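Notes follow once the structure below has been shown.
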Amino acid sequence: MQDNQFINQQIDEQIRHALDTEAAKYAPPADLKQRIDVRIARQKKEVVFMRKMSVKKVAVAAAAMCVLTGTACMAGGRIAGYIGGNRLGARVDTYSEIGKLEQKLDLTSDAPESFDNGYAFAYADIGDFDAVDENQVTVKTESELDVVYEDNGNHVFYSVKKGANVFNDEELARAQTIEQDGVTYYYFTDAYLFLPADSEPTAEDLEAEKAGKLMISYGSSEREEKEYDSLWWNEDGQSYNLSGFDVNMDAQEMIHMAEQIR
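Read in order, the letters of the sequence shown correspond to residues 2 to 263 in the working numbering.
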C-alpha cells in the first residue's frame, strides 16, 4: 500500500510539473486584461469590478483566460460579464502561419507583414469571448483574429471578425466619422484609468468618468493612465479594428494603416 502511495505521489508530481511547463507557454499577454476591459467598456462605460476566481494557477495560465464583470443589455439576456482570452495553442509567431488562423475562423484578414510607419508583425492569435448572464449562461459568443504589430516596444493591435460592428447613438456621438474611398471609418480616442482591485478612484477621477471623459477599470497591479486610440470599419461582411494604447495616432494616420490592409 505504501509503495502504491509513493508511486501515485510521483505520478502526481510529474503531472503537476508537466502542466506547469505547458502553462508557461500559454501565459496571457500582459496587456490582455486591458484589451478585454476596453471591450467591456464599449458595452457600458462603467466597468464594475474584476471577479476573483479561486482556481489553480496552472488552469488560469494554461487556459489564458480573463474573467471580467460589467453590465450591459443585449437581446436574449442580460449580460453580467465576459469570459474570454486567447485560444489555447492558436498563437503563431511566424507571419506565414496567419493563413492557418484564417482557415479556422473562415475569414480573410489581409494582414500585412509590416506597415510603412515601422510597425512589423510580432504574433497572431485567436480571441474567443463569451458574453454570460448572471447564471454564467452564454448569451453570445464571438471569435476574432488578432494580429499584434510592434515598433520600438509600442504595439498596434489589428482585429478582424465576421459580421458588421454596430455602434450605438452614444458611441456615434463620441466618434470622429470619416468617409473615405467608399468606406466609413469610426475613430475614437478614449482615456482609461486602470486601478488595483482594492483601490479607490479620486473625486476628480469620478467626476471625469461621470462627464464621459474617462473610463475606469479595476484589477491592474498599479494605477495606470492610458490613452486608447482605435479605428473601426466594416467591409465585405467583416468588421475591422486597429487600436493601441498610447500610440498617439490621429484618425488620418490610422486610416493610412487601414489602407495598407484594404
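Idealized CB from N, CA, C, for every residue including glycine. The structure presented is a predicted model; accordingly, all values stated were derived computationally and were not measured.
Please check the pair Gln177 and Ala252, which I expect to be a contact at CB under 8 Å, by giving their CB distance rounded to whole angstroms.
The residue labelled residue 177 in the question sits at position 176 within the sequence shown. The residue labelled residue 252 in the question sits at position 251 within the sequence shown. That belief holds up - the Cβ atoms of Gln177 and Ala252 are roughly 5 Å apart, short of 8 Å.
Alpha carbon to alpha carbon, how far is Ala212 from Glu205? Give it in angstroms, no decimals.
Residue 205 sits at position 204 when you count from the first residue of the sequence shown. Residue 212 sits at position 211 when you count from the first residue of the sequence shown. Answer to the nearest angstrom: the Cα atoms are 11 Å apart.
My output table needs one value for Asp170: the three-state DSSP class, helix, strand or coil.
Locating residue 170 in the sequence shown gives position 169, counting from the first residue. Asp170 falls in the helix class under three-state DSSP.
Between the C-alpha atoms of Glu151 and Ala174, what's the straight-line distance to the nearest angstrom?
The sequence position of residue 151 within the sequence shown is 150, counting from 1. The sequence position of residue 174 within the sequence shown is 173, counting from 1. Using only the alpha carbons, I get a separation of about 31 Å.
Touching by the beta-carbon criterion (3+ pairs, under 8 Å), the stretch 114 to 122 and the stretch 145 to 164
yes
Please tell me whether Trp234 and Tyr186 are closer than 8 Å, where the distance is taken between their beta carbons.
As a first step, residue 234 is located in the sequence shown; it is residue number 233 there, counting from the start. As a first step, residue 186 is located in the sequence shown; it is residue number 185 there, counting from the start. Yes, the Cβ-Cβ distance between Trp234 and Tyr186 is below 8 Å.
So, with DSSP's three-state summary, where would you put Tyr96?
Along the sequence shown, read from residue 1 onward, the residue named residue 96 stands at position 95. It is helical.
Report yes if the C-beta distance between Val93 and Lys105 is below 8 Å; otherwise report no.
Counted from its first residue, the sequence shown places residue 93 at position 92. Counted from its first residue, the sequence shown places residue 105 at position 104. Their beta carbons are not under 8 Å apart, which means Val93 does not touch Lys105 by this criterion.
Tell me, which residues are paired with Ser115 by DSSP?
In the sequence shown, the residue the question calls residue 115 occupies position 114. Bridge partners of Ser115: Ala121.
Report the rounded CA-to-CA distance for Ala64 versus Gly90, giving the unit in angstroms.
By 1-based counting over the sequence shown, the position of residue 64 is 63. By 1-based counting over the sequence shown, the position of residue 90 is 89. Reliability of the predicted coordinates at Ala64 is poor, the pLDDT of 33 falling under 50, and the value obtained from them is presented with this limitation in mind. Rounded to whole angstroms, Ala64 to Gly90 spans 9 Å at the Cα level.
Name the residue from Gly238, Val167, Glu223 and Gly154 whose alpha carbon lies nearest to the alpha carbon of Val248.
On the sequence shown, position 247 is the one that residue 248 refers to. Considering only alpha carbons, the answer is Gly154.
Residues bridged to Gln253 [DSSP beta-bridge criterion]:
Residue numbering aside, residue 253 sits at position 252 when the sequence shown is read from its first letter. Note: Gln253 sits in no beta bridge, so no partner.
Taking the C-alpha atoms as reference points, what is the distance between Leu196 and Gly85?
The residue you call residue 196 lines up with position 195 of the sequence shown. The residue you call residue 85 lines up with position 84 of the sequence shown. Those two C-alpha atoms are separated by around 20 Å.
Cross-strand partners of Lys162 (DSSP beta bridge):
In the sequence shown, the residue the question calls residue 162 occupies position 161. DSSP output for Lys162 lists Ser240 as bridge partner(s).
Cβ-based neighbour list, Cys74, same chain, cut-off 6 Å, excluding 5 preceding and 5 following
Counted from its first residue, the sequence shown places residue 74 at position 73. Interpretation of Cys74 is limited by its pLDDT of 35, a score under 50 that renders its predicted location unreliable; the figure taken from the coordinates is listed afterwards. Cβ within range, chain order: n/a, list empty.
Unbroken beta strand (DSSP E) run spanning Glu223, endpoints:
Counted from its first residue, the sequence shown places residue 223 at position 222. Here Glu223 belongs to no beta strand (DSSP E), and DSSP marks it neither H nor E.
Leu207: first and last residue of the uninterrupted beta strand (DSSP E) it sits in
Taking the first residue of the sequence shown as position 1, residue 207 is located at position 206. Segment Ala204 to Lys211 is the alpha helix (DSSP H) holding Leu207; no beta strand (DSSP E) there.
Count the other C-beta atoms from every protein chain shown that fall within 10 angstroms of the C-beta of Glu145, then say buried if there are 16 or more, exposed otherwise.
By 1-based counting over the sequence shown, the position of residue 145 is 144. Classification for Glu145: buried.
Buried or exposed, going by whether 16 or more other CB atoms sit within 10 Å of the CB of Arg88?
Within the sequence shown, numbered from 1, the residue matching residue 88 stands at position 87. By the neighbour-count rule (16 or more Cβ atoms within 10 Å), Arg88 is buried.
Using 10 angstroms around the beta-carbon of Leu207, count the other beta-carbons present and answer buried if the total reaches 16, otherwise exposed.
To locate residue 207, count along the sequence shown from 1; it is residue 206. Leu207 comes out exposed.
Using DSSP with H/G/I as helix, E/B as strand and the rest coil, what is Leu232?
Here residue 232 is taken as the residue at index 231 of the sequence shown, counted from 1. Correct three-state label for Leu232: strand.
What are the start and end residues of the beta strand (DSSP E) that includes Thr190?
The residue given as residue 190 occupies position 189 in the sequence shown. It spans Val184 to Leu196 - the beta strand (DSSP E) in which Thr190 sits, taken as one unbroken run.
Buried or exposed, going by whether 16 or more other CB atoms sit within 10 Å of the CB of Gln239?
For the purposes of this step, residue 239 is taken as residue 238 along the sequence shown, with counting starting at 1. Per the 10 Å Cβ criterion, buried.
Does DSSP put Leu89 in a helix, in a strand, or in coil?
The count along the sequence shown starts at 1 and reaches residue 89 at position 88. In this structure, Leu89 counts as coil in the three-state DSSP scheme.
Mind checking Ser97: buried by the 16 CB within 10 Å criterion, or exposed?
Residue mapping note: residue 97 aligns to position 96 of the sequence shown, counting from 1. Under this definition Ser97 is an exposed residue.
I'd like the span of the beta strand (DSSP E) that includes Glu180, first residue to last.
Counting from one through the sequence shown, the residue named residue 180 turns up at place 179. Residues Gln177 to Gln181.
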